[in-house]
Structures are given as C-alpha cells and as structure tokens.
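Novice: Here it is, the structure in full.
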Amino acid sequence: MSDTILKVKNLTKFFPIIGGVIRHKIGEVKAVNNVSFNLKKGDTIGIVGESGCGKTTVARLILNLIEPTGGEVIFQGQNIFSFSRGEMRKIRKKMQMVFQDPYSAFDPRFTVFESLSEIFVIQKMENVNIKEEVFRLLKIVGLKPEHSDYYPYELSGGQKQRIVIARAIALNPELIILDEPTSALDVSVQSQILNLLHNIQHKFDLTYLFISHDLSVINYFCNEIMVMYLGKIVEKASREDLFQKPLHPYTKALISSIFIPDPDKRLTIVPLEGDVPS
1 MSDTILKVKN LTKFFPIIGG VIRHKIGEVK AVNNVSFNLK KGDTIGIVGE
51 SGCGKTTVAR LILNLIEPTG GEVIFQGQNI FSFSRGEMRK IRKKMQMVFQ
101 DPYSAFDPRF TVFESLSEIF VIQKMENVNI KEEVFRLLKI VGLKPEHSDY
151 YPYELSGGQK QRIVIARAIA LNPELIILDE PTSALDVSVQ SQILNLLHNI
201 QHKFDLTYLF ISHDLSVINY FCNEIMVMYL GKIVEKASRE DLFQKPLHPY
251 TKALISSIFI PDPDKRLTIV PLEGDVPS
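Numbering (the UniProt record's numbering), first residue to last: 1 to 278.
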C-alpha cells in the first residue's frame, strides 16, 4: 500500500478578466498553471513564493473551496473534485487548514469555549464530552482551561493562533495545510508556533503542506520545498539541495534576498521581472 496521502495532478485555475462596456470576458489570469506534486504521509512539503504567485489558490483548490479549471486532487486514492457536498463535508474532517490571519479567524461574540465546542456541535458528535475535549485541545496547544472563557479581543496574536491550531486538530485530521501560519505574528512568537506545530505533527502523525513567502521559515520547517513563480512550480528539491544548489533564476533570487545579520557580508539581490501570465 502506497504511503502517498495526496497527489496533485496538473492542477489549474484561471480567473476571468471582465471588462468592456458590456462587461464580458477579455482575458484570464493563470493563477495556477499545471501544478503537480505528491505528498507522503508524515512529511512536510513547503511551497514558497512571493505574494500573488498562486500559493493560497493551490491550497483552496486542494480543499475544494474553489472550482478548478483543470486537473485532479487525489486524497487517499479518491479524486475530491468528484465528491458531492455531503461527501466533501466528511472528507474535510481529514483535511484542515490554518489560515494566515488569526485575528479574523474568530467571531468576536464567541468565547474560546464556544468557538471550539461549535466544531463538535456542527459534526453532531453527541458522544463527545465537549468540555473535556475543549480543555484537552487547549492543553495540547499550550493554553490553560481558563482561556476557554476568554473572548478574542482578550487574547494575544500568538494565543489566537494556538486556538486556530487547536480547532484544526479537533477532528483528528490527517492533512493540515498551513497558509502563512506565522506571518502575522511577532518574530518572538513565530518560533514558538513553529515548535508547537512540529510537536503536534510528531504526536499525531500529521502531514503538512506549508505555504510561506519566507524562505527562512520554510528552511527551518520543511524537508522538501517547491518554489512557485507566476502560477507554476519552477523548482522542487530537498531543503539541502535547494539552498546549496539552486537551479532556477527565481530560486536564486529568493535565496539572495535572505537577510544575513553580518555587516561584513554585502547583500546582493538578484533582480527579476515578470507578471502573472495571461
């Protein structure tokens, strides 16, 4: 039996450009263009690239949150694009996402307890002791039971992101897509969240797809890296090979832009030109 949990085949998403007096299609943006990769159970693959290159669109396509233009997403041997809404609702228990901005992830009217307990109510998990489960999740992410009574405005950014992570693991998923999970946080908090994600992965045998614009974070967290540029994967390599022997000009440009805290080393940034192809 293959240990490949996710296969992405020729995944494509073109967004129409609407214009003219009668508001008709005058072109299209090739946001994601024939992206393919495999993800094995327990692994962490990173997708790195600048804002607007198509990283988040790939994530939304994998979760079937938007309709693809073409391609397939095979999760545990099944093409999710063939699923009905009911079937997709069941499969999403196994596929979760941690979004970039923890500040917009909560209803400000709900306490932490209400936000977390809502998951079990929606899934109609009547046999679950919700209070015990909420406290268990809070402990896993390094928070205390009393945090369950807090409202979002009473939490720091790092605490919010911990609760977002708690919500993502609540239904025992197998795959979690992490979309810039630390970019909205202070630098001092980023390493704490990354270490938490690392510990949770080993504890629950999770598989991660990690999306970021920050090569330093990707280098710290991922064992395999895909570089995305203008809607395409332009390079894929192990962490060691990517940083030691980059092949694509865009990869070289990304690596050249990493800040090195050494006044004796001059930073030479490789310039790039280009727009999203249409």
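Heads up, the beta-carbon is just placed ideally off N, CA and C, and yes, glycines get one too.
Quick check for students: name the residue ranges of the alpha helix (DSSP H) that lie wholly in the region 209-240, counting only runs of 4 or more.
Specialist: As far as the region 209-240 is concerned, its whole alpha helix (DSSP H) runs of at least 4 residues are 215-221.
Novice: By the DSSP assignment, the alpha helix (DSSP H) with F204 in it spans what residues?
Specialist: From DSSP, the alpha helix (DSSP H) with F204 extends over 187-204.
Novice: Please classify V121 as buried or exposed, where buried requires at least 16 neighbouring CB atoms within 10 angstroms.
Specialist: Flag for V121 reads exposed.
Novice: What residues in its chain sit with their C-beta under 8 Å from that of K41, if we drop five residues either side in the sequence?
Specialist: Cβ within range, chain order: D3, T4, I5, E174, D205, T207.
Novice: Rounding to the nearest angstrom, what Cα-Cα distance links P145 and E224 in this structure?
Specialist: Cα-Cα distance, rounded: 37 Å.
Novice: From I153 to P249, what does the alpha carbon distance come to, in whole angstroms?
Specialist: A small correction: the amino acid at residue 153 is Tyr; Ile does not occupy that position in the sequence shown. Cα to Cα, the separation comes out at about 44 Å.
Novice: Determine the DSSP secondary structure at L65, reduced to helix, strand or coil.
Specialist: Coil.
Novice: Less than 7 Å between C-beta atoms, sequence neighbours within five positions excluded: which residues of the same chain meet that for T182?
Specialist: Here the set comprises Q190, I193, L194, V217.
Novice: Measure the C-alpha to C-alpha separation of F113 and L138 and round it to an integer number of angstroms.
Specialist: Distance between the alpha carbons of F113 and L138 is about 10 Å.
Novice: Using a threshold of 7 Å, state whether the C-beta atoms of K55 and M226 are closer than that.
Specialist: Going by C-beta atoms, K55 is not nearer than 7 Å to M226.
Novice: To the nearest angstrom, how far is it from the Cα of E28 to the Cα of T57?
Specialist: So the two alpha carbons sit approximately 15 Å from each other.
Novice: With distances taken between CB atoms, is the gap from R167 to L143 smaller than 7 Å?
Specialist: Cβ atoms of R167 and L143: not closer than 7 Å.
Novice: Quick check: the Cα distance between K30 and G70, rounded to an integer number of angstroms?
Specialist: One C-alpha to the other measures close to 12 Å.
Novice: Cα separation between P108 and D149?
Specialist: Between P108 and D149, the C-alpha separation is close to 13 Å.
Novice: Please classify S82: does DSSP put it in a helix, a strand, or coil?
Specialist: DSSP places S82 in helix when its eight states are reduced to three.
Novice: Can you check DSSP and say which residues form a bridge with Q76?
Specialist: Q76 is not bridged to any residue.
Novice: With a cut-off of 8 Å on the beta carbons, I'd call L11 and L61 a contact; round off their distance for me.
Specialist: With a Cβ gap of about 6 Å, L11 and L61 count as contacting.
Novice: For A50, collect the residues of the same chain with a Cβ closer than 7 Å to its Cβ; drop the 5 residues on either side in sequence, then sort them by chain order.
Specialist: For the record, residue 50 in the displayed sequence is Glu; it is not Ala. These residues qualify, in order along the chain: H213.
Novice: Would you report the Cα separation of S147 and H198, rounded to the nearest angstrom?
Specialist: It should be pointed out that residue 147 corresponds to His in this sequence rather than to Ser. Roughly 23 Å between the two C-alpha positions.
Novice: Can you tell me the Cα-Cα spacing of R85 and F15, whole angstroms?
Specialist: Their backbone Cα atoms lie some 23 Å apart in a straight line.
Novice: Output the boundary residues of the alpha helix (DSSP H) element that contains L254.
Specialist: Unbroken alpha helix (DSSP H) run through L254: 249-256.
Novice: Note down the Cα distance separating A244 from K232, rounded to an integer number of angstroms.
Specialist: Checking the sequence shown, residue 244 turns out to be Gln, not Ala. Those two C-alpha atoms are separated by around 22 Å.
Novice: Between the beta-carbon of G157 and the beta-carbon of L185, is there less than 7 Å?
Specialist: Yes, the Cβ-Cβ distance between G157 and L185 is below 7 Å.
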